[in-house]
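First up is the structure itself, then whatever we jot down about it.
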Amino acid sequence: MTVFKDTRELARKAVEMADAVLKGGEAEVNDTETYDNGKKVVPSYLLEPVKVDITNYEEVIIDGGYYTAEEVQ
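The opening residue of the sequence shown carries number 426 in the working numbering; numbering runs sequentially from there.
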């Protein structure tokens, strides 16, 4: 079993957040409690992790286009 966060989604969200800030707006966040760096709580956007194991790896990893079946073998 592993925990999967699709780096394509992480990158997409990071670009959206940076773009918003560069355009003078605010980055979308969905967490304002978790990340305390000792000075302040850092607003963050957290993606939902997906538990991947033998029962769903094909659906999540292969059908999701992250890896091909050949790359997983």
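We put the beta carbon where it would ideally sit given N, CA and C, even for glycine.
For residue i, which of helix, strand or coil comes out of DSSP?
i: residue 464; result: coil
i: residue 427; result: strand
i: residue 480; result: coil
Please list, in chain order, all residues of the same chain as residue i whose beta carbon is under 8 Å from its beta carbon, the five residues on each side excluded.
i: residue 486; result: 429, 477, 492 and 497
i: residue 426; result: 476, 477 and 478
i: residue 455; result: 469, 470 and 471
i: residue 474; result: 428, 429 and 430
Are residue i and residue j touching if we call contact CB-CB under 9 Å?
i: residue 472; j: residue 438; result: yes
i: residue 453; j: residue 442; result: yes
i: residue 494; j: residue 483; result: yes
i: residue 466; j: residue 457; result: yes
Within the continuous beta strand (DSSP E) that includes residue i, where are the two ends?
i: residue 476; result: 475-477
Checking contacts by CB at 9 Å: is residue i closer than that to chain C?
i: residue 488; result: Looking at the structure shown, chain C is missing, and only one protein chain is on hand.
Beta-carbon within less than 7 Å of residue i's beta-carbon, same chain only, minus the 5 sequence neighbours each way: which residues are those?
i: residue 463; result: none
What residue does the alpha helix (DSSP H) around residue i start on, and which one ends it?
i: residue 454; result: It is not in any alpha helix (DSSP H) - residue 454 carries neither H nor E in the DSSP assignment.
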